[in-house]
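Here's the structure we're looking at; comments come further down.
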Ligand code: GDP
């Protein structure tokens with residue numbers, strides 16, 4: 079059964095010109111793009127998206143970073159999409175990311191780490207609904 083997940087190519091990777099290369103990695107791994115849009119987001123929008131992290135010490139910096147420039151929002155689909163994307167992304171801190179992962183190749187730091195991927199079915203549902211309307215999912 080195909081499963082949907084939500085992903086973001088973060089502002090650091092867009093700024094560095096890695097969008098196409100990251101899309102190619104996702105394509106090679108078998109993800110279908112259900113929906114995608116490049117846009118800038120406001121800090122309050124970032125705060126709403128990352129609300130589960132609001133008590134973490136890096137919350138303010140993270141939301142400033144996410145609203146610092148255009149990013150690429152995506153809904154992706156494949157069998158086992160959520161776990162497979164997490165594996166392809168690699169560890170949060172690129173210093174700990176496995177060889178061949180997107181973060182190993184493209185991330186600059188624990189914060190500016192190139193890509194987001196939902197970590198569970200409930201978060202994927204929230205995150206898809208936060209950024210996309212039903213009619214955009216085709
Ligand atoms: P993810 O699921 O691998 O993206 O990691 P988390 O859900 O734990 O954190 C969300 C995002 O917050 C990460 O992708 C990073 O951009 C950022 N982040 C996580 N940990 C740290 C940290 O210790 N310091 C800073 N500055 N940012 C962090």
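In our numbering, the protein residues as written are 79 to 216. C-beta atoms are modelled at their ideal positions from N, C-alpha and C, and glycine is treated no differently.
Measure from the alpha carbon of residue i to the alpha carbon of each residue in the options, then state which is nearest.
{"i": "residue 127", "options": "147, 100, 202 and 172", "result": "202"}
{"i": "residue 192", "options": "95, 136 and 79", "result": "95"}
{"i": "residue 80", "options": "189, 118, 110 and 151", "result": "110"}
{"i": "residue 165", "options": "92, 190, 138 and 104", "result": "104"}
{"i": "residue 186", "options": "178, 198 and 173", "result": "173"}
{"i": "residue 98", "options": "145, 180 and 208", "result": "180"}
{"i": "residue 149", "options": "100, 183 and 155", "result": "100"}
{"i": "residue 197", "options": "142, 146 and 170", "result": "170"}
{"i": "residue 154", "options": "210, 89 and 119", "result": "210"}
{"i": "residue 117", "options": "125, 138 and 152", "result": "152"}
{"i": "residue 144", "options": "183, 208, 204 and 87", "result": "87"}
{"i": "residue 213", "options": "112, 167 and 121", "result": "112"}
{"i": "residue 124", "options": "132, 141 and 130", "result": "141"}
At what residues does the beta strand (DSSP E) containing residue i begin and finish?
{"i": "residue 87", "result": "80-87"}
{"i": "residue 193", "result": "193-195"}
DSSP state of residue i, grouped into three classes?
{"i": "residue 98", "result": "helix"}
{"i": "residue 233", "result": "For the chain, the structure presents residues 79 to 216; residue 233 sits outside this window and is missing."}
{"i": "residue 156", "result": "strand"}
{"i": "residue 149", "result": "strand"}
{"i": "residue 214", "result": "helix"}
{"i": "residue 93", "result": "helix"}
{"i": "residue 134", "result": "coil"}
{"i": "residue 161", "result": "helix"}
{"i": "residue 173", "result": "helix"}
Taking the alpha helix (DSSP H) that residue i belongs to, which residues open and close that run?
{"i": "residue 200", "result": "199-209"}
{"i": "residue 66", "result": "No answer is possible for residue 66: the residues shown for the chain start at 79 and end at 216."}
{"i": "residue 115", "result": "Residue 115 -> not in any alpha helix (DSSP H); beta strand (DSSP E) instead, spanning 110-117."}
{"i": "residue 140", "result": "137-144"}
{"i": "residue 188", "result": "It is not in any alpha helix (DSSP H) - residue 188 carries neither H nor E in the DSSP assignment."}
Please look up how many angstroms separate the CB atoms of residue i and residue j, rounded, as I've assumed it's under 8 angstroms.
{"i": "residue 84", "j": "residue 216", "result": "Rounded, the Cβ-Cβ distance is 15 angstroms, inconsistent with contact."}
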